[in-house]
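> This is the structure I have questions about; it appears just below.
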Amino acid sequence: MDRIEQRQPAVGLAVAGWAIFLACSWTWCIGMYLPVLLVRDLGVWGWVIFAVPNIVGAAAMGWVLRRPGVSQRIVDGHRSACLWFSVVTIAFHIFFVGWMVQRLLGGWGIGLFVATAALVYALRRDLAVGVIVLTCSLMAMAFLLGRGELFGSLTPPWQHWRLPADLAGLAAVACLGFLLCPYLDLTFHRARQATGEPAGSIAFAAGFVGPFLLMILFTLGYAALLEYGGSTVASGVLGLHMALQSGFTVAVHLRAMRQASPARWPWVALAMAVVVAGLIPAVERLASMPGRPGGEVIYRCFMVFYGLVFPTYVWLFMVRRRPWDRAGALLLGGAIAAAVPFYAMGFIFGPVVWILPGVGIVLAAGLVRRPAGGTASTKDAPRPG
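Here numbering that gives the first Met the number 0 is used: the first residue of the sequence shown is 0, the next is one more, and so on.
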């Protein structure tokens, strides 16, 4: 397998370039839309609880994996999990573009997304292109702010007596997902391996406290606009922002997959993307439920991967350092199966407080003792750090 190249410490502009790369690679359809749902349902505190563990967890990875070789050992020991993380992420963005971006920008949005992804992948100048993508998003933000179309009032239909419990459920799953998922992100590992110290830690901290924070503040600003509708111009500008960011994210994940496993995984991702794109119209109609359009239901279902499936894997096999064997696989599957009903209630049906027991199940699974004679492999299950 090809290794992602370990380079000399980056300095100056290179650190800024990696910081922007990280911010754009992490400005997913999650950061561009989940806060809209959270602010709608829970008010601005929903955005705060989304933002804090998100920024802290992503920025911390640069420091946690600061020792030379640790990031590469994680990729080597958990290659399949990292690759599946990218596959699901690409499929999620294909769905999001076919649903939300098409709604905002029509077929032009899909075309822009495909063109952006193809161009970024072909150019192999990800740091420079990241600067361009971020600049376009900041221009979109400034344009809508100048028109007075950002930060409109959005009144959640909450029940005040239930709000603290719902916020606690959101905080639990946000911490679990955002503190653990970064360790499966191949684009993060690429950045960490391309920078030495202290450049790497600085790039991670600057990228998420700086441009990424601006991007999710932008999402907070247009939450009311997406919920209540805005001008045709505003819809087009938001569609442009989402298409460019989604295209960049998909391209850098494809490149990271090819570097980590050049043989077949990028083709698996592309095949899944085609399937997802073809199923979007039918599945969206079938998934509709009272009070939630089909697209939102599917979006929330995708979130279960990042709030449950992937963090459970990291918790068991990286943090708790269980070996990947039959017992470990059964524990992973059992924990996910036991927690899924609570996540479904909290993510899809509500109220959000239902997620708390699900998070408790995941954490408890990490306390299950290994079978007699079972030992963790320091090669195959490295602890981050």
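Just so you know, even glycine gets a beta-carbon here, dropped at the ideal spot from N, CA and C.
(1) Where does R291 sit, in a helix, a strand or coil, going by DSSP?
(2) Please list the terminal residues of the continuous alpha helix (DSSP H) segment that includes L366.
(3) In three-state DSSP terms, what is W83?
(4) Grab the span of the alpha helix (DSSP H) containing I335 for me, first residue to last.
(5) Below 8 Å, can you find three or more Cβ-Cβ pairs linking the stretch 126-134 to the stretch 238-255?
(6) Could you give the residue range of the alpha helix (DSSP H) that holds T134?
(7) Between the C-alpha atoms of V55 and Y182, what's the straight-line distance to the nearest angstrom?
(8) Determine, using beta-carbon pairs with one atom in the stretch 62-71 and one in the stretch 229-243, whether at least three such pairs fall under 8 Å.
(9) L315 to S234, Cα distance in whole Å?
(10) As a quick exercise: from G16, V275, L144, pick the residue whose alpha carbon is nearest that of L219.
(11) Verify whether the separation of the beta carbon atoms of W25 and A57 is less than 9 Å.
(12) If we count Cβ pairs, one from each stretch, closer than 8 Å, do we get three or more for the stretch 168-181 versus the stretch 306-325?
(13) Spatial neighbours of M344 within its chain, please: C-beta separation below 7 Å, excluding the five flanking residues on both sides.
(14) Taking all protein chains shown into account, do 16 or more other C-beta atoms lie within 10 angstroms of the C-beta of F346, making it buried, or fewer, making it exposed?
(15) In terms of residues, what are the limits of the alpha helix (DSSP H) holding T115?
(16) Using only CA atoms, which one of M302, A80, R368, A141 lies nearest to L213?
(17) Quick test of your reading: A80 and Y312, contact by CB under 8 Å. State the CB separation rounded to the nearest angstrom.
(18) Whole angstroms are fine: how far does the CA of L21 sit from the CA of V74?
(19) Excluding sequence positions up to five away, which residues of its chain have a Cβ less than 8 Å from the Cβ of I19?
(20) Are the beta-carbon atoms of L41 and L224 separated by less than 9 Å?
(21) Is the distance from the Cβ of F91 to the Cβ of V100 below 9 Å?
(22) Can you give, in chain order, each stretch of the alpha helix (DSSP H) that sits fully within the stretch 4-86 and has at least 4 residues?
(23) Could you compute how far the alpha carbon of A337 sits from the alpha carbon of D324?
(24) In angstroms with no decimal places, state the Cα-to-Cα distance between G357 and C180.
(25) Exposed or buried, which one is L149 when buried takes at least 16 other CB atoms within 10 Å?
(26) If you compare alpha carbons, which of L37, F177, A15, Y32 is closest to G349?
(27) Put T194 into one of helix, strand or coil per three-state DSSP.
(28) Out of L118, G147, R102, state which residue places its alpha-carbon closest to the alpha-carbon of T248.
(29) DSSP three-state call for E226: helix, strand or coil?
(30) Should A198 and A364 be called a contact, given that it needs their Cβ atoms to be closer than 9 Å?
(31) For D165, report the span of its alpha helix (DSSP H) as first-last.
(32) Determine the burial state of Y227: buried for a count of at least 16 other Cβ atoms within 10 Å of its Cβ, exposed for fewer.
(33) For S136, does the count of other Cβ atoms within 10 angstroms reach 16, so buried, or fall short, so exposed?
(34) What did DSSP end up calling L149 once you bin it into helix, strand or coil?
Quick look at the numbers:
(1) strand
(2) Segment: none, L366 is in no alpha helix (DSSP H) and carries neither H nor E.
(3) helix
(4) 325-343
(5) yes
(6) 125-145
(7) 13 Å
(8) no
(9) 42 Å
(10) L144
(11) yes
(12) yes
(13) W353
(14) buried
(15) 106-122
(16) A141
(17) 6 Å
(18) 18 Å
(19) L126, G129, V130, L133, G206, P210
(20) no
(21) no
(22) 12-24, 33-41, 43-63, 69-76
(23) 20 Å
(24) 17 Å
(25) buried
(26) L37
(27) coil
(28) L118
(29) helix
(30) no
(31) 162-179
(32) exposed
(33) buried
(34) coil
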